[in-house]
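Just so we're aligned: the sequence shown equals residues 18 to 473 in our numbering. Cβ coordinates follow ideal geometry from the N, Cα and C atoms, glycine included. These notes concern the structure reproduced below.
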Amino acid sequence: MFKPVFEKQKAYFNSHATLPYQARLDAISKLESMINAYEKELCEVLHLDLHKSETEAFLTEILPLKQEITYIRKHLKSWMKPKKKGISLITSTMSSHVMPSPKGVVLIVSPWNYPVQLALMPLLSALAAGNTAMVKVSEISGHTGEFLTRILNETFEPHHVFATDVAPEEFADLLDLPYNHLFFTGSPTIGKIMMSAAAKHLTPVTLELGGKSPAIVMDDANVNVVAKRIIWGKGLNCGQTCIAPDYVVVHDSKKEALVNALIEAIKTQFPDAHINMEVPKIINERHYKRLVSYLENQVILFGGEHNDQDHKLALTLIDEPSFDSKLMQEEIFGPLLPIISYHSDEELHQILDQHPNPLALYLFTESKHHKNTIIKQRGFGGAAINDSIIHIVSPTLPFGGVGNSGMGSYHGFHSFETFSHMKAIVDSPTWFDLFFKYPPYTPTKQKLIQTLRKFV
18 MFKPVFEKQK AYFNSHATLP YQARLDAISK LESMINAYEK ELCEVLHLDL
68 HKSETEAFLT EILPLKQEIT YIRKHLKSWM KPKKKGISLI TSTMSSHVMP
118 SPKGVVLIVS PWNYPVQLAL MPLLSALAAG NTAMVKVSEI SGHTGEFLTR
168 ILNETFEPHH VFATDVAPEE FADLLDLPYN HLFFTGSPTI GKIMMSAAAK
218 HLTPVTLELG GKSPAIVMDD ANVNVVAKRI IWGKGLNCGQ TCIAPDYVVV
268 HDSKKEALVN ALIEAIKTQF PDAHINMEVP KIINERHYKR LVSYLENQVI
318 LFGGEHNDQD HKLALTLIDE PSFDSKLMQE EIFGPLLPII SYHSDEELHQ
368 ILDQHPNPLA LYLFTESKHH KNTIIKQRGF GGAAINDSII HIVSPTLPFG
418 GVGNSGMGSY HGFHSFETFS HMKAIVDSPT WFDLFFKYPP YTPTKQKLIQ
468 TLRKFV
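Spelled out as structure tokens, the structure:
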């Protein structure tokens with residue numbers, strides 16, 4: 018079903034039509050024109066799928082794309098240039114450089130939670146790097162997926178960019194092709210399936226996964242500011258964000274003050290979220306029921322209300338859940354926020370060790386010592402100190418996970434690097450020849466080689 022399109026893309030790539038700088042700029046401009054032309058409609062379908070307000074849809078889906086386009090345009094020419102590298106004693110007469118080269122036909126598999134941004138952001142980078150792309154948008158965010166598929170296929174010829182919202186039962190046909198790179202955003206469970214499929218063809222992968230990202234509140238934290246920033250990060254898209262604060266670990270001396278501040282922040286930012294039509298909803302009934310089931314047998318400090326008809330939940334604070342509960346065993350991916358207290362640094366690390374290598378880590382402290390030790394000692398994809406989620410905004414920083422939260426990174430130059438093969442090239446002159454490298458290794462040559470040992 019998808020092989021003919023794949024073969025056309027392969028032939029188009031092999032024609033070198035995507036290689037020139039201007040061709041890449043033209044592709045980016047096409048995508049930009051599409052986004053600008055359909056911005057209103059994209060916000061409308063996002064509201065149909067997730068009840069995102071127009072403002073939230075613009076801030077979290079459209080604006081990041083516009084920023085990335087501006088950044089790529091500014092830097093693409095310099096990224097494409099060969100980069101000179103240093104020399105060693107043996108290569109002192111030679112020149113060395115690294116030349117970025119597009120990989121070929123790439124497959125981008127995007128999720129439902131930010132269905133516009135997380136489909137088009139990697140596509141922008143793949144095109145900037147000179148590739149062709151096949152894009153699998155999520156069928157779960159059905160209105161957005163259908164609309165995005167249509168406008169992408171209207172904007173580009175299929176030999177350059179092809180989009181599909183194919184159902185899961187047909188996805189295997191799309192996946193089982195020898196791509197030159199596979200870029201996936203989703204859960205660790207599906208990420209393993211992607212990696213297994215890619216292994217058949219030795220296809221390199223970028224996996225942007227998830228996990229339980231902690232918000233650590235130390236004993237010197239400014240709880241009023243901390244609370245606002247945690248609740249903003251948790252409430253965005255109704256908690257359906259891969260880097261949302263999954264749970265809070267707070268020093269016991271600050272717990273009461275923090276809980277009170279969190280409650281005030283919820284009342285201010287996301288009041289009556291279970292009935293507020295300006296607040297996003299849970300994507301579907303399955304995920305809604307999963308989240309509601311997490312509330313069973315829990316001590317609720319605030320919230321807990323839910324709306325079965327509209328799949329909406331209030332932002333809910335849960336007190337000291339058991340580490341054996343599903344709430345603390347699985348990524349929550351919703352507006353439920355466990356609050357766990359600790360007393361000593363040792364206890365803090367024991368709690369964090371339950372879920373190593375999260376996609377994000379949020380540390381709230383004024384102490385340089387705490388900043389240095391925790392950031393150095395813990396494994397994580399990316400971090401924000403005294404804030405949440407904000408690190409994803411910068412195009413100069415790599416975004417990606419480690420271990421169970423993913424592999425590889427993107428945004429800005431790191432995206433260009435992900436979708437490029439960096440060729441290592443040495444240019445050796447003919448006016449000088451290292452004669453002693455050739456056999457036979459006579460006593461004279463051996464003496465020269467022994468002399469070299471002193472300098473390397």
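No Cβ-Cβ contact shorter than 8 angstroms links GLY423 with LEU219.
By DSSP's assignment, ALA232 forms a beta bridge with VAL265, TYR379. Here ILE45 carries a helix assignment [DSSP, helix/strand/coil]. For ASP444, the enclosing beta strand (DSSP E) starts and ends at 437-444. Around the beta carbon of TRP448, a 10 Å sphere encloses fewer than 16 other beta carbons of the protein chains shown; the residue is thus reported as exposed. In the three-state scheme derived from DSSP, where H, G and I count as helix and E and B as strand, THR447 is classed as coil. The Cβ neighbour count for LEU137, taken over all protein chains shown within 10 Å, is at least 16; the residue is labelled buried. Pairing ILE233 with CYS259, the inter-Cα distance amounts to about 17 angstroms.
The Cβ atoms of SER155 and PRO128 lie closer than 8 angstroms to each other. For GLY252, DSSP assigns no beta-bridge partner whatsoever. For LEU141, the uninterrupted alpha helix (DSSP H) segment begins and ends at 134-145.
In this structure, the straight-line span from the alpha carbon of GLU383 to that of ILE300 is close to 37 angstroms. It is roughly 11 angstroms from the alpha-carbon of ASP362 to the alpha-carbon of LEU369. If you ignore the 5 residues before and after GLY420, its C-beta comes within less than 8 angstroms of the C-beta of PRO373, ASN374, GLY396, all in its own chain and listed in chain order. A direct Cα-Cα distance of roughly 26 angstroms separates LYS298 from LEU169. Rounded to the nearest whole angstrom, the C-alpha separation of MET97 and ALA290 is 47 angstroms. Per the DSSP secondary-structure output, LYS153 pairs in a beta bridge with VAL126, THR181.
Counting along the chain, the unbroken alpha helix (DSSP H) around TYR311 starts and ends at 302-311.
In the DSSP assignment, LEU334 falls within the beta strand (DSSP E) that extends over 333-336. Between the C-alpha atoms of GLU56 and SER118 there is a straight-line separation of about 32 angstroms.
Non-local beta-carbon contacts of LEU194 in its own chain, meaning distances under 6 angstroms to residues more than five positions away in sequence, involve PHE23 in chain order. DSSP places VAL22 in the helix class (H, G or I) of the three-state scheme. CA-CA distance, LYS329 to LEU312, rounds to 14 angstroms. In this structure, DSSP gives LYS209 a helical state, which the three-state scheme calls helix. If the five residues before and after SER445 are omitted, its C-beta is found closer than 6 angstroms to the C-beta atoms of MET111, all from its own chain and listed in chain order.
The beta carbons of VAL133 and LEU165 sit about 7 angstroms from each other, so the pair counts as a contact at 8 angstroms. If you draw a straight line from the Cα of GLY208 to the Cα of THR435, it is about 17 angstroms long. When the alpha-carbon of LYS94 is set against those of SER113, LYS385, LEU36, the nearest one is in LEU36.
GLU78 and GLU71 have their alpha carbons spaced roughly 10 angstroms apart.
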